[in-house]
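So the structure is just underneath, and the comments pick up after that.
Numbering (full-length UniProt numbering), first residue to last: 1 to 308.
Given below as structure tokens:
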């Protein structure tokens with residue numbers, strides 16, 4: 001690489017690192033009013049899981065090209081902007097990563113990182129009455145992202161949630177008058193070398209979301225990372241935390257009962273494994289879902305003494 005290309009690459013790396021640091025600070029402040037089930041620790045874990053999935057799904061992207069959360073970040077809820085970083089040396093010099101420059105089979109590390117950081121912005125569970133939603137696209141533009149990158153991340157963040165995916169599926173079912181809309185799409189046999197088909201697996205999802213996944217394959221990684229943090233041991237803790245924090249108003253100030261929280265396991269959490277989009281996500285979800293089932297078995301055994 002000549003000196004001009006090296007200089008451009010270093011400039012891009014510096015700009016991308018500054019963007020991530022700035023967005024990290026924004027997210028930490030934005031989520032300061034959220035309860036402990038959706039705090040900055042959750043964001044750190046989702047970023048780290050997304051990094052792990054990215055490295056596993058796209059071996060050509062080195063771990064150093066992905067977001068990294070420092071060990072100290074996981075030890076404290078106070079996260080400095082420098083603790084979530086991106087080394088973009090593997091990104092082609094000359095321009096910031098944009099949707100237009102990303103081939104369908106490739107994942108863009110910067111897009112994955114920003115979407116993972118911002119994925120809980122505008123979470124409807126925390127929406128305040130008469131407060132307009134925050135535009136993720138405008139946030140990114142204000143913090144120095146290119147227009148293409150800002151639009152790309154905005155689309156991904158809009159479609160990360162479980163409720164959004166279910167809503168799209170229901171809308172498709174309604175439009176087809178109850179016709180079968182669940183599909184299972186596997187990558188083509190030559191997906192490992194294809195330059196046209198993304199290496200994404202879509203399971204039981206609407207055609208609308210499939211289309212978005214093919215245009216923005218990073219969505220699959222961020223979705224899986226977020227859902228992995230909803231299951232397993234951490235997911236159990238988060239579920240009880242959320243139930244205690246948000247069940248009070250609905251239950252006359254006494255909070256959601258623990259048995260209601262356990263019901264949430266079978267109603268939603270144990271179904272997430274089938275909604276994973278990446279190979280790595282499905283593998284990790286299988287392990288974490290088994291932990292849910294084991295815990296639920298222990299729970300049922302211990303509470304059964306009441307009816308004995």
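By construction, the Cβ of each residue, glycine as well, lies at the ideal position given by its N, Cα and C atoms.
C-alpha gap between residue i and residue j, whole angstroms
i, j, result
"residue 347", "residue 165", "This structure cannot settle anything about residue 347, because the visible part of the chain is limited to 1 through 308."
"residue 25", "residue 17", "13 angstroms"
"residue 279", "residue 259", "33 angstroms"
"residue 42", "residue 246", "17 angstroms"
"residue 239", "residue 37", "7 angstroms"
"residue 276", "residue 125", "22 angstroms"
"residue 110", "residue 134", "21 angstroms"
"residue 138", "residue 132", "13 angstroms"
"residue 50", "residue 305", "42 angstroms"
"residue 123", "residue 10", "35 angstroms"
"residue 147", "residue 14", "18 angstroms"
"residue 115", "residue 29", "17 angstroms"
"residue 301", "residue 257", "18 angstroms"
"residue 33", "residue 141", "24 angstroms"
"residue 274", "residue 294", "18 angstroms"
Assumed close pair residue i, residue j - CB separation to whole angstroms, cut-off 8 angstroms
i, j, result
"residue 315", "residue 149", "Residue 315 lies beyond the range of the chain shown here (1 to 308); nothing can be said about it."
"residue 216", "residue 152", "6 angstroms"
"residue 329", "residue 113", "Missing from the structure shown is residue 329; the chain here goes from 1 to 308 and no further."
"residue 120", "residue 31", "7 angstroms"
"residue 289", "residue 270", "6 angstroms"
"residue 286", "residue 265", "Not quite, the Cβ-Cβ distance comes to about 16 angstroms (not below 8 angstroms), so this is no contact."
"residue 35", "residue 162", "Wrong, their Cβ atoms sit about 18 angstroms apart, outside the cutoff."
"residue 236", "residue 272", "That belief does not hold up - the Cβ atoms of residue 236 and residue 272 are roughly 13 angstroms apart, past 8 angstroms."
"residue 303", "residue 45", "In fact, because the Cβ distance is near 29 angstroms, the residues do not count as touching under 8 angstroms."
Nonlocal neighbours in the same chain, by C-beta distance under 6 angstroms from residue i, ignoring five residues either side
i, result
"residue 168", "206, 208 and 209"
"residue 136", "118, 121, 154 and 157"
"residue 129", "none"
"residue 170", "none"
"residue 174", "none"
"residue 176", "none"
Cut-off 7 angstroms between Cβ atoms - residues of its own chain near residue i, not counting five sequence neighbours on either side
i, result
"residue 281", "53, 224 and 228"
"residue 299", "262"
"residue 145", "19"
"residue 226", "46, 119 and 160"
Contacting residues, own chain, Cβ-Cβ under 8 angstroms from residue i (five flanking each side not counted)
i, result
"residue 57", "107, 199, 221, 278, 279 and 280"
"residue 212", "155, 159 and 219"
Identity of the residue in the options nearest residue i by Cα
i, options, result
"residue 27", "14, 244 and 143", "143"
"residue 284", "301, 293, 232 and 244", "232"
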